[in-house]
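Residue numbers (UniProt numbering): 1 to 123. Built from N, CA and C at the ideal position, the CB exists for glycine as well. Since we're looking at a predicted model, the values are computed, not measured.
Written out as structure tokens, the structure reads:
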């Protein structure tokens, strides 16, 4: 997947609303975070609790420029929970944790600005 980090880039092609509805974007709480030295690019391994409906899922995230593992514990993040898992080195990343690139292309995590229940869907 190619990610666009240029804020001046034009929008991607238009998709029908029904296509967007196929994405299951939910909020979960980070319960474990650790360095991921086996990854090709600097990354962290997260375990995120999405509540009873989805459960605890693993994610590999390239966010080391802005975050340390210990500061992520208890933080709520958004993720796409219905993409096919991807094998990243020895880790099977089960969700795509969402964020936005800063001016240097380093990722800032996306999330709700107030606490919401784990598993809450993007509305």
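Do residue j and residue i come within 7 Å of each other at the CB atom, strictly closer than that value?
| i | j | result |
| --- | --- | --- |
| residue 26 | residue 50 | yes |
| residue 33 | residue 69 | yes |
| residue 56 | residue 111 | no |
| residue 31 | residue 47 | yes |
| residue 107 | residue 119 | no |
Measure how close the beta-carbons of residue i and residue j come, nearest whole angstrom, since I'm counting them as under 8 Å.
| i | j | result |
| --- | --- | --- |
| residue 43 | residue 62 | 5 Å |
| residue 58 | residue 92 | 6 Å |
| residue 16 | residue 89 | The pair is not a contact, with the Cβ atoms about 36 Å apart (cut-off 8 Å). |
Would you decide whether residue i is buried or exposed? Buried here means 16 or more other CB atoms lie within 10 Å of its CB.
| i | result |
| --- | --- |
| residue 82 | exposed |
| residue 94 | buried |
| residue 2 | Low confidence applies here, because residue 2 scores a pLDDT of 42, under 50, leaving its location unreliable; read the following figure in that light. It is exposed - the Cβ of residue 2 has fewer than 16 other Cβ atoms within 10 Å. |
| residue 105 | exposed |
| residue 14 | exposed |
| residue 28 | buried |
| residue 23 | exposed |
| residue 21 | exposed |
| residue 12 | exposed |
List the endpoints of the continuous alpha helix (DSSP H) containing residue i.
| i | result |
| --- | --- |
| residue 19 | 17-20 |
Between which two residues does the beta strand (DSSP E) containing residue i stretch?
| i | result |
| --- | --- |
| residue 109 | 107-109 |
| residue 70 | Run containing residue 70: none in the beta strand (DSSP E); it sits in the alpha helix (DSSP H), 69-72. |
| residue 100 | 99-101 |
| residue 92 | 91-93 |
| residue 86 | 86-88 |
Run through the DSSP bridge pairs and tell me what residue i is partnered with.
| i | result |
| --- | --- |
| residue 25 | 80 |
| residue 61 | 44 |
| residue 12 | Per DSSP, none; premise fails for residue 12. |
| residue 135 | Missing from the structure shown is residue 135; the chain here goes from 1 to 123 and no further. |
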